[in-house]
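Asker: Handing you this structure, nothing more for now.
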Amino acid sequence: MKVTVVGAGAVGATCADNIARKELCNELVLLDIKEGIAEGKAQDMMQTATLLGFDTKITGSTNDYTKTANSDVVVITSGLPRKPGMTREELIGVNAGIVKGVCENILKHSPNAIIIVISNPMDTMTYLALQSTGLPKNRIIGMGGTLDSSRFKYQLSQHLGCSPSDLNAVVVGGHGDTTMIPLIRLATWNSTPVTNFLSAEQQEKIVKDTMVGGATLTALIGTSAWYAPGAAGAALVEAIIRDEKKLFTCCVALDGEYGQKDICLGVPVIIGKNGWEKIIDFKLNESEQAAFNKSAEAVRSMNDVLKTL
Numbered sequence: 000m001k002v003t004v005v006g007a008g009a010v011g012a013t014c015a016d017n018i019a020r021k022e023l024c025n026e027l028v029l030l031d032i033k034e035g036i037a038e039g040k041a042q043d044m045m046q047t048a049t050l051l052g053f054d055t056k057i058t059g060s061t062n063d064y065t066k067t068a069n070s071d072v073v074v075i076t077s078g079l080p081r082k083p084g085m086t087r088e089e090l091i092g093v094n095a096g097i098v099k100g101v102c103e104n105i106l107k108h109s110p111n112a113i114i115i116v117i118s119n120p121m122d123t124m125t126y127l128a129l130q131s132t133g134l135p136k137n138r139i140i141g142m143g144g145t146l147d148s149s150r151f152k153y154q155l156s157q158h159l160g161c162s163p164s165d166l167n168a169v170v171v172g173g174h175g176d177t178t179m180i181p182l183i184r185l186a187t188w189n190s191t192p193v194t195n196f197l198s199a200e201q202q203e204k205i206v207k208d209t210m211v212g213g214a215t216l217t218a219l220i221g222t223s224a225w226y227a228p229g230a231a232g233a234a235l236v237e238a239i240i241r242d243e244k245k246l247f248t249c250c251v252a253l254d255g256e257y258g259q260k261d262i263c264l265g266v267p268v269i270i271g272k273n274g275w276e277k278i279i280d281f282k283l284n285e286s287e288q289a290a291f292n293k294s295a296e297a298v299r300s301m302n303d304v305l306k307t308l
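Each residue of the sequence shown is one higher than the one before, starting from 0 at the first, in numbering that gives the first Met the number 0.
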């Protein structure tokens with residue numbers, strides 16, 4: 000098996016590191032547009048192989064897509080972070096060109112690849128990848144909800160004093176501070192609703208802290224997070240490569256599911272060797288569905304920017 004990670008920044012390198020450590024593929028390619036960065040980080044990772052006990056071959060490439068040929072899965076992390084004074088439209092304009100170009104170059108050499116999108120704004124970039132490539136919708140996956148759900152479990156574990164691994168909790172909707180929807184009503188601690196153990200005030204705080212999880216980390220460390228986003232991307236790669244049939248929340252194309260069409264948005268899906276294989280209906284209640292519809296409206300407004308480019 001072969002995996003390519005496009006973008007050798009903090010998120011891409013962390014994703015690649017996780018993939019190598021778990022030996023999810025025989026060959027891993029790390030590609031970046033900046034001269035020497037991918038080659039250097041690939042070499043650095045390879046020098047950990049004897050210490051960590053993995054045999055994955057890691058190759059770095061400066062914009063040479065021929066080295067990505069015949070990749071089974073491609074993770075796209077490339078793009079610019081939003082800078083002070085930059086409008087949402089400007090960010091979309093810059094990153095849309097980057098993501099579209101990456102998709103075109105990848106598919107020239109790996110026409111059967113499954114694509115995982117991490118680049119921001121993630122929901123819009125996932126929609127762009129789907130529209131610009133014409134690939135079957137199951138082969139385009141946005142990572143956002145996988146990360147947001149992990150952050151949700153972290154916040155719950157802090158209040159419950161339990162292991163995050165004992166929790167089942169998902170976030171649906173858009174991957175943004177105001178568009179994500181932590182479904183606390185459906186969250187469980189080893190099959191028992193977490194609402195049995197949390198006050199209304201605690202529940203409200205957990206939801207709020209989950210929604211601003213990314214912004215909180217940016218304020219603390221001065222840049223976007225990378226450990227959890229990189230791990231989330233690698234978890235999706237693992238589910239595909241190993242055909243795990245795991246349930247993750249991912250940004251995927253909707254065609255009537257959850258009352259929405261012509262949009263990519265975070266919903267529970269089964270991930271396996273074919274990409275996303277099935278959307279799971281969680282039967283949202285009236286208020287949850289209203290929040291989901293509002294989230295879709297916000298994401299559509301971002302998608303509309305693509306029409307002006």
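Beta carbons: idealized from backbone N, C-alpha and C, even for Gly. These numbers were taken from a predicted model, which means no experiment stands behind them.
So what does Gly141 bridge to, in DSSP terms?
Answerer: Residue 141 sits at position 142 when you count from the first residue of the sequence shown. In DSSP, Gly141 forms a bridge with Val116, Cys250.
Asker: What do you reckon, are the CB atoms on Ala230 and Arg150 nearer than 8 Å?
Answerer: The residue labelled residue 230 in the question sits at position 231 within the sequence shown. The residue labelled residue 150 in the question sits at position 151 within the sequence shown. Contact: no.
Asker: Count the other CB atoms within 10 Å of the CB of Pro80; is the residue buried (16 or more) or exposed (fewer)?
Answerer: Numbered from 1 along the sequence shown, position 81 holds the residue referred to as residue 80. It counts as exposed.
Asker: Looking at Asn25: is its Cβ nearer than 8 Å to the Cβ of Thr3?
Answerer: Your numbering for residue 25 matches position 26 in the sequence shown. Your numbering for residue 3 matches position 4 in the sequence shown. Not in contact: Asn25 and Thr3 (Cβ atoms no closer than 8 Å).
Asker: I'd like to check one pair, Ala95 with Leu127: are the Cβ atoms closer than 8 Å?
Answerer: Looking up residue 127 in the sequence shown gives position 128. Looking up residue 95 in the sequence shown gives position 96. If you check the CB distance, Leu127 and Ala95 come in under 8 Å.
Asker: In chain order, which continuous runs of the beta strand (DSSP E) of length 3 or greater are located wholly inside the stretch 26-68?
Answerer: 26-31, 56-61
Asker: What's the C-alpha gap between Glu34 and Lys40?
Answerer: Here residue 34 refers to the residue found at position 35 of the sequence shown. Here residue 40 refers to the residue found at position 41 of the sequence shown. Taking the CA atoms as reference points, Glu34 sits about 12 Å from Lys40.
Asker: Check whether the Cβ atoms of Ala224 and Thr145 sit closer than 8 Å, and answer yes or no.
Answerer: Your numbering for residue 224 matches position 225 in the sequence shown. Your numbering for residue 145 matches position 146 in the sequence shown. Note that the C-beta distance between Ala224 and Thr145 is not below 8 Å.
Asker: Do you know how far the Cα of Ser198 is from the Cα of Ile140?
Answerer: Start at 1 with the first residue of the sequence shown, and residue 140 comes out as number 141. Start at 1 with the first residue of the sequence shown, and residue 198 comes out as number 199. Going from the Cα of Ile140 to the Cα of Ser198 covers about 35 Å.
Asker: Assign Asp261 to buried or exposed, taking buried as 16 or more other Cβ atoms, counted over all protein chains shown, within 10 Å of its Cβ.
Answerer: Position 262 of the sequence shown, counting from 1, holds the residue named residue 261. Answer is exposed; the Cβ neighbour count stays below 16.
Asker: Return the first residue and the last residue of the alpha helix (DSSP H) that Cys14 is part of.
Answerer: The residue you call residue 14 lines up with position 15 of the sequence shown. Per DSSP, Cys14 belongs to the alpha helix (DSSP H) from 9-20.
Asker: Thinking just about the alpha-carbon of each residue, which of Cys263, Val101, Pro192 is nearest to the one in Val73?
Answerer: In the sequence shown, the residue the question calls residue 73 occupies position 74. Comparing Cα-Cα distances from Val73 to each of Cys263, Val101, Pro192, the minimum goes to Val101.
Asker: Taking 7 Å as the cut-off, is the C-beta of Lys204 nearer than that to any heavy atom in the ligand FAD?
Answerer: Absent from the structure shown: the ligand FAD. Ligands present: none.
Asker: Report all residues from its chain with a CB closer than 6 Å to the CB of Lys245; omit the five preceding and five following residues, and keep chain order.
Answerer: For the purposes of this step, residue 245 is taken as the residue at position 246 of the sequence shown. Result list for Lys245: Ala238, Ile270, in chain order.
Asker: Closer than 7 Å by C-beta to Leu53: which residues in its own chain qualify, once you throw out the five before and the five after it? Chain order, please.
Answerer: The residue you call residue 53 lines up with position 54 of the sequence shown. For the sequence presented, residue 53 should be read as Phe rather than Leu. Correct list, in chain order: Ala19, Arg20, Glu22.
Asker: Are the CB atoms of Met121 and Leu98 within a distance shorter than 8 Å?
Answerer: As a working note, residue 98 is residue 99 in the sequence shown. As a working note, residue 121 is residue 122 in the sequence shown. Residue identity check: residue 98 is Val in the sequence provided, not Leu. For Val98 and Met121, no; Cβs fall outside 8 Å.
Asker: Locate the alpha helix (DSSP H) running through Asp261, then write down its first and last residues.
Answerer: Within the sequence shown, residue 261 is the residue found at index 262, counting from 1. Counting along the chain, Asp261 falls outside any alpha helix (DSSP H), though it belongs to the beta strand (DSSP E) covering 260-271.
Asker: Per DSSP, which one or two residues make a beta bridge with Lys1?
Answerer: For this step, residue 1 is matched to residue 2 along the sequence shown. DSSP links Lys1 through a beta bridge to Glu26.
Asker: Within 10 Å of its beta-carbon, does Ser156 have 16 or more other beta-carbons around it, so buried, or fewer, so exposed?
Answerer: Locating residue 156 in the sequence shown gives position 157, where the first residue counts as 1. Looking at its Cβ environment, which holds 16 or more other Cβ atoms inside 10 Å, Ser156 is buried.
Asker: Here's the rule: buried if 16 or more other CB atoms are within 10 angstroms of the residue's CB, otherwise exposed. What is Ser12?
Answerer: Against the sequence shown, residue 12 aligns to sequence position 13. The displayed chain sequence assigns Ala, not Ser, to residue 12. Counting Cβ neighbours within 10 Å, Ala12 comes out buried, since at least 16 surround it.
Asker: Less than 8 Å between the beta carbons of Ala7 and Ala37, yes or no?
Answerer: Start at 1 with the first residue of the sequence shown, and residue 7 comes out as number 8. Start at 1 with the first residue of the sequence shown, and residue 37 comes out as number 38. Yes, Cβ-Cβ distance for Ala7 and Ala37 is below 8 Å.
Asker: In angstroms with no decimal places, state the Cα-to-Cα distance between Asn292 and Pro192.
Answerer: By one-based count along the sequence shown, residue 292 stands at place 293. By one-based count along the sequence shown, residue 192 stands at place 193. Using only the alpha carbons, I get a separation of about 25 Å.
Asker: Do you know how far the Cα of Ile105 is from the Cα of Thr132?
Answerer: For the purposes of this step, residue 132 is identified with residue 133 of the sequence shown, where counting begins at 1. For the purposes of this step, residue 105 is identified with residue 106 of the sequence shown, where counting begins at 1. For Thr132 and Ile105, the distance between alpha carbons rounds to 10 Å.
Asker: If we count Cβ pairs, one from each stretch, closer than 8 Å, do we get three or more for the stretch 173-182 versus the stretch 206-226?
Answerer: yes
Asker: Would Gly172 and Ala289 be called neighbours here (beta carbons separated by less than 8 Å)?
Answerer: Along the sequence shown, read from residue 1 onward, the residue named residue 172 stands at position 173. Along the sequence shown, read from residue 1 onward, the residue named residue 289 stands at position 290. Not closer than 8 Å, so no.
Asker: Following the continuous alpha helix (DSSP H) through Lys240, name the residue where it begins and the one where it ends.
Answerer: Along the sequence shown, read from residue 1 onward, the residue named residue 240 stands at position 241. Checking the sequence, you will find Ile at residue 240 rather than Lys. Here the alpha helix (DSSP H) through Ile240 covers 226-240.
Asker: So Lys293 is in the alpha helix (DSSP H); what residue range does that whole segment cover?
Answerer: Within the sequence shown, the letter at position 294 stands for residue 293. Run containing Lys293: 285-305, per the alpha helix (DSSP H) assignment.
Asker: DSSP beta-bridge partners for Pro135?
Answerer: By one-based count along the sequence shown, residue 135 stands at place 136. Note: Pro135 is not bridge-paired with any residue in the DSSP secondary-structure output.
Asker: Could you give the DSSP three-state label for Thr217: helix, strand or coil?
Answerer: Position 218 of the sequence shown, counting from 1, holds the residue named residue 217. Looking at Thr217 - three-state DSSP - the assignment turns out to be helix.
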